[in-house]
Amino acid sequence: MARTRAFDENTERYDAWFERHAALYESEVAAVRGLLPAEGAGLEVGVGTGRFAEPFGIVHGVEPSAPMREAARARGIDAVDGVAERLPYPDASFDFVLMVTTICFVDDVAAALAEAFRVIRPGGCIVIGFVDRESPLGRHYLAHKDESPFYKDADFFSTEEVSRHLEEAGFTDLVFRQTVFTAPGGAEEVEEPEEGHGRGSFVVVRAMKP
Ligand SMILES: C[S@@+](CC[C@H](N)C(=O)[O-])C[C@H]1O[C@@H](n2cnc3c(N)ncnc32)[C@H](O)[C@@H]1O
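Okay, here's the thing in structure tokens:
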């Protein structure tokens, strides 16, 4: 059973976060942009309200929450019902798959990455953006998990864990970007992404399907 209840019930609140935290959002978009292919057919898995698919011109999205899907559709995304663990597309349909802050909500990470691997064509890639559990923001979310309708149900991962899952699914050549260097609750400003991981709370990893 997909973990969608908080998103079903709080769609507008979820979507409004990106306006209340415009600088963080812009920093995250910049970090993803640094690793996402500029061209090719892309799919966002767990597309939510389309806040990442839209600026990257990704038109295909999978999303199990009906109200989130409707919001993504209003942004011009062909958001279809489905879950990461069982993608409704044939093998090798996409040049790349994007997942942003969705890996912490899927029920079965190994199945989700195996499915992404299946729908990506050889030579394509997966790009995953997530809050690193070992970062200041990751630790803050963990400590205050029960106060957030969204993060109450999340299973946070470290960068090492995400990397291991990617390699176990068959992906290779991992490359990292990081951003959000300010402490949680501190002044928010647009930040330049940096290479690597270990300092930024928001990490993006790109990995290739050989
Ligand atoms: C934190 S939101 C991220 C949405 C969007 N990617 C963004 O960054 O704004 C997590 C999303 O994952 C969706 N989700 C939950 N379980 C899922 C699953 N098993 N497969 C795909 N998406 C799932 C939720 O409905 C929610 O829209």
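Per my numbering, the very first residue in the sequence shown carries number 62; after that it's consecutive. Virtual Cβ for every residue (Gly too), placed ideally from N, Cα, C.
C-alpha distance - residue i paired with residue j, whole-angstrom precision
i: E252; j: P116; result: 18 Å
i: R74; j: C165; result: 19 Å
i: G137; j: G257; result: 33 Å
i: A140; j: V108; result: 7 Å
i: R66; j: Y212; result: 12 Å
i: D142; j: H205; result: 30 Å
i: G185; j: R260; result: 28 Å
i: F178; j: A83; result: 32 Å
i: L159; j: V188; result: 5 Å
i: V170; j: E250; result: 32 Å
i: P151; j: A91; result: 30 Å
i: V123; j: P149; result: 8 Å
Per-residue DSSP class, three states only, for residue i
i: A145; result: coil
i: R94; result: helix
i: F155; result: strand
i: T65; result: coil
i: T72; result: helix
i: V241; result: coil
i: D216; result: coil
i: V236; result: strand
i: H82; result: coil
i: H121; result: strand
i: D168; result: coil
i: G103; result: strand
i: A114; result: coil
Neighbour-count burial assignment, residue i, 16 or more Cβ in a 10 Å radius
i: M62; result: exposed
i: R112; result: buried
i: S209; result: exposed
i: E176; result: buried
i: P183; result: exposed
i: E229; result: exposed
i: P254; result: buried
i: H226; result: buried
i: R238; result: buried
i: R267; result: buried
i: E105; result: buried
i: E80; result: exposed
i: P271; result: exposed
i: R130; result: buried
Bounding residues of the alpha helix (DSSP H) (the contiguous stretch that carries residue i)
i: M129; result: A127 to A135
i: V108; result: That residue, V108, is in no alpha helix (DSSP H); it is neither H nor E in DSSP.
i: T220; result: T220 to A230
i: R267; result: From DSSP, R267 is part of no alpha helix (DSSP H) but of the beta strand (DSSP E) over F263 to M269.
i: A248; result: Looking at the DSSP string, A248 is not in any alpha helix (DSSP H), and its letter there is neither H nor E.
i: P197; result: P197 to A204
is_contact[residue i, chain C] using C-beta, thresh 8 Å
i: R194; result: Absent from the structure is chain C; it holds one protein chain and no more.
N-terminal and C-terminal residue of the beta strand (DSSP E) that residue i is part of
i: G190; result: I181 to V192
i: H258; result: First-last for H258: undefined, no H or E at that position.
Near ligand 2: residue i beta-carbon under 7 Å from a heavy atom
i: G101; result: Looking for ligand 2 in the displayed structure turns up nothing; the ligands present are ligand 1.
Are there three or more Cβ pairs, one per stretch, closer than 8 Å when the region 98-110 is compared with the region 239-254? no
Counting Cβ pairs closer than 8 Å, one from the region 187-197 and one from the region 207-222, do we hit at least three? yes
Stretch pair the region 129-136 + the region 156-164: three plus CB contacts closer than 8 Å: no
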